[in-house]
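Residue numbers (my numbering): 10 to 111.
Structure, rendered in structure tokens:
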């Protein structure tokens with residue numbers, strides 16, 4: 010299971026990012042965090058942008074709804090996803106985790 014913090018209109022999830030990977034993908038759950046690989050290098054916020062785009066595409070939310078709230082210069086990050094219907098986003102996230110663990 011992953012570490013999730015849920016608020017009224019947001020969800021925060023802990024992630025570990027591996028920049029300069031072969032693909033942009035959420036690959037597994039590791040120590041309560043989502044392990045993410047992105048092709049972008051960790052320079053000038055490029056890897057952070059790739060993480061935001063990946064969450065946006067995966068959870069089908071606007072990129073403006075995805076923020077890195079902690080760890081901008083670290084591989085360990087906390088990502089927040091904001092949405093009107095946060096329960097639906099949480100459901101998609103939990104389904105993703107279930108798929109990764111099966």
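Glycine is no exception: its CB is placed at the ideal position from the N, C-alpha and C atoms. For clarity, every value in this text was computed on a predicted model and none was experimentally measured.
Roughly how far, in whole angstroms, is the beta-carbon of residue 20 from the beta-carbon of residue 35, given that I think they are within contact range, below 8 Å? No, residue 20 and residue 35 are not in contact; Cβ-Cβ is about 15 Å, not under 8 Å.
In chain order, which alpha helix (DSSP H) runs of at least 4 residues are fully inside the stretch 52 to 103? 55 to 68
In whole angstroms, what separates the C-alpha of residue 37 from that of residue 109? 6 Å
Should residue 57 go down as buried or exposed, given a rule of 16 or more other Cβ atoms within 10 Å for buried? buried
Skipping 5 residues on each side, what residues in its chain have a beta carbon closer than 7 Å to that of residue 28? 47, 49, 50, 51, 56
Endpoints, the beta strand (DSSP E) within which residue 9 is located: What the structure shows of the chain is the stretch from 10 to 111, and residue 9 is not part of that stretch, so it cannot be assessed.
Compare the Cα-Cα distances from residue 23 to each of 69, 39, 100 and report the closest residue. 39
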